[in-house]
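Colleague: Taking our numbering, the leading residue of the sequence shown gets 1, the next gets one more, and so forth.
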Amino acid sequence: MLDLYGCGGRFDIYSPGEIQRTVKSVEPGIYLVSYKWPYVVDNYGPNMELLLEGAEDNEKPRIWNQAMASAVPKYLEAKGIIPAECGDNGVSVIRNGETEGDGGWAEFRCN
């Protein structure tokens, strides 16, 4: 879990008061979520060791993308941050990637 300290206390990006800041609308019907990818894949994704075992290097990016596409909707649901516009239909990841410092992002839409 990421802990940051600022003026007057601890900031935890997974706390209920702060997690809403991680989902933003980028255009009508398309949203962007930021997260710590090790946390998301470890807690909501498949067993990556098993999936990557014996995989060719050129297959690994596809395997990671599929794992994150599976994990991100589960993460959004568990944290209660699926946009209200999506109703009970859930979301689908359009694309995802990594940023510095174990950061990750996913662009998604309502189903």
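C-beta: ideal position from N, C-alpha, C; glycine also.
Near GLU98, what residues of its chain come up, given a Cβ to Cβ distance below 7 angstroms and the 5 sequence neighbours on each side ignored?
Modeller: The residue you call residue 98 lines up with position 98 of the sequence shown. So the list reads TRP37 and GLY104, once near-sequence residues are dropped.
Colleague: Specify the secondary structure class of GLU77 as computed by DSSP and reduced to three states.
Modeller: Residue mapping note: residue 77 aligns to position 77 of the sequence shown, counting from 1. Here GLU77 sits in helix by DSSP.
Colleague: Is it a yes or a no for the segment 32 to 52 touching the segment 71 to 86, going by three-plus beta-carbon pairs under 8 angstroms?
Modeller: The segment 32 to 52, when compared against the segment 71 to 86, does touch it at the 8 angstroms Cβ threshold.
Colleague: Considering only C-alpha positions, which residue in the set GLY29, ILE63, ALA67 and PRO28 is nearest to ASP42?
Modeller: Here residue 42 refers to the residue found at position 42 when the sequence shown is read from its first residue. The candidate whose alpha carbon is nearest that of ASP42 is ALA67.
Colleague: Can you tell me whether VAL93 is buried or exposed, with buried defined as 16 or more other CB within 10 angstroms of its CB?
Modeller: Locating residue 93 in the sequence shown gives position 93, counting from the first residue. When all chains shown are included, VAL93 counts as buried.
Colleague: Does the separation of the CB atoms of GLY129 and ARG109 fall below 8 angstroms?
Modeller: Past the edges of the chain, shown from 1 to 111, lies residue 129, and the structure says nothing about it.
Colleague: If we ignore side chains and look at the alpha-carbon of each, how far apart do ASP102 and TYR39 end up?
Modeller: Taking the first residue of the sequence shown as 1, we reach residue 102 at position 102. Taking the first residue of the sequence shown as 1, we reach residue 39 at position 39. Rounded to the nearest angstrom, the two C-alpha atoms are 9 angstroms apart.
Colleague: Can the beta-carbon of VAL23 be found closer than 8 angstroms to that of PRO83?
Modeller: Within the sequence shown, the letter at position 23 stands for residue 23. Within the sequence shown, the letter at position 83 stands for residue 83. In contact: VAL23 and PRO83 (Cβ atoms closer than 8 angstroms).
Colleague: Give me the Cα-Cα distance between LEU52 and ILE63, rounded to the nearest whole angstrom.
Modeller: On the sequence shown, position 52 is the one that residue 52 refers to. On the sequence shown, position 63 is the one that residue 63 refers to. Their Cα atoms are separated by approximately 7 angstroms.
Colleague: Leaving out five residues on either side along the sequence, give the residues of the same chain with a beta carbon under 7 angstroms from the beta carbon of VAL91.
Modeller: Reading the sequence shown from its first residue, position 91 is the one you call residue 91. So the qualifying residues of the chain are PRO73, LEU76, ILE82, PHE108, ARG109, CYS110 and ASN111.
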